[in-house]
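Before any comments, here is the structure.
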Amino acid sequence: MEIELTIAKNLVTRALLEQKGIPCVCRVGLGHDFEIDFIPPLPEAHGIVSNWDRKKIEERAPAGAGGRYTHYCFGKLSLMPIEGRKYAIVDLIFFYEDFGWCPVVVDGEYGPIGSFWDEEE
């Protein structure tokens, strides 16, 4: 999974992008759009995620009902530079009020499959 990130290039953002667990807002749309934004007080940044699999995300983070997005939540993100504005997503976790932190990507691979709903027999 990769992200093309639009962010100012300076010493502050260079140091920020080296951090683990950068706070963010994650939005996965009904189509094939997946966006991540940094929120204040962090520097403004907007990223478009590529090379992702909706089914694998939904196995690790519960999809919501209704609206423009299947997932709209706070998250934490760790990146590794690839080239230019492209970064590999090393770690990504989503936060849900009713489930807590849901690891989506761990060490560059999809995380463990979650257990969100009771199985009906």
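In our numbering, the protein residues as written are -10 to 110. Beta carbons are placed, not taken as given, at the ideal position from N, Cα and C, and that holds for glycine. Just so you know, these numbers come straight off a predicted model, no measurement behind them.
Which first and last residues belong to the alpha helix (DSSP H) in which residue i is found?
| i | result |
| --- | --- |
| R16 | Run containing R16: none in the alpha helix (DSSP H); it sits in the beta strand (DSSP E), I11 to G18. |
| G47 | One point to set straight first is that residue 47 is Glu, not Gly, in the sequence displayed. Per DSSP, E47 belongs to the alpha helix (DSSP H) from R43 to R49. |
| R3 | L0 to L6 |
For residue i, write down the residues that DSSP places opposite it in a beta bridge.
| i | result |
| --- | --- |
| T(-5) | H35 |
| L66 | I11 and L81 |
| P92 | I82 |
Can you tell me the Cα-Cα spacing of residue i and residue j, whole angstroms?
| i | j | result |
| --- | --- | --- |
| L(-6) | P12 | 14 Å |
| V17 | P70 | 22 Å |
| S104 | E24 | 25 Å |
| A101 | V14 | The displayed chain sequence assigns Pro, not Ala, to residue 101. The straight-line gap from Cα to Cα measures roughly 21 Å. |
| Q8 | A54 | 33 Å |
| V79 | G89 | 20 Å |
| T52 | A(-3) | Sequence inspection shows Ala at residue 52; the Thr mentioned does not correspond to that position. Spanning the two alpha carbons is a distance of roughly 32 Å. |
| S39 | R74 | 13 Å |
| L68 | W41 | 15 Å |
| R43 | G10 | 22 Å |
| E110 | R49 | Model confidence at E110 stands at a pLDDT of 47, short of 50, so the residue's coordinates are unreliable; what they give is reported in the following sentence. Between E110 and R49, the C-alpha separation is close to 22 Å. |
What residue range is occupied by the uninterrupted beta strand (DSSP E) comprising residue i?
| i | result |
| --- | --- |
| F27 | F23 to F27 |
Residue i CB to nearest chain B CB: under 8 Å?
| i | result |
| --- | --- |
| L68 | Judged by its chain identifiers, the structure shown contains no chain B, having just a single protein chain. |
Under the assumption that residue i contacts residue j (Cβ atoms under 8 Å), give the Cβ distance between them as a whole number of angstroms.
| i | j | result |
| --- | --- | --- |
| I(-8) | Y61 | I(-8) to Y61, Cβ: 17 Å. No contact. |
Is the beta carbon of residue i sitting closer than 8 Å to the one on residue j?
| i | j | result |
| --- | --- | --- |
| L5 | T59 | no |
| P32 | V1 | yes |
| G56 | F83 | no |
| V93 | I37 | no |
| D22 | H35 | no |
| Y99 | C91 | no |
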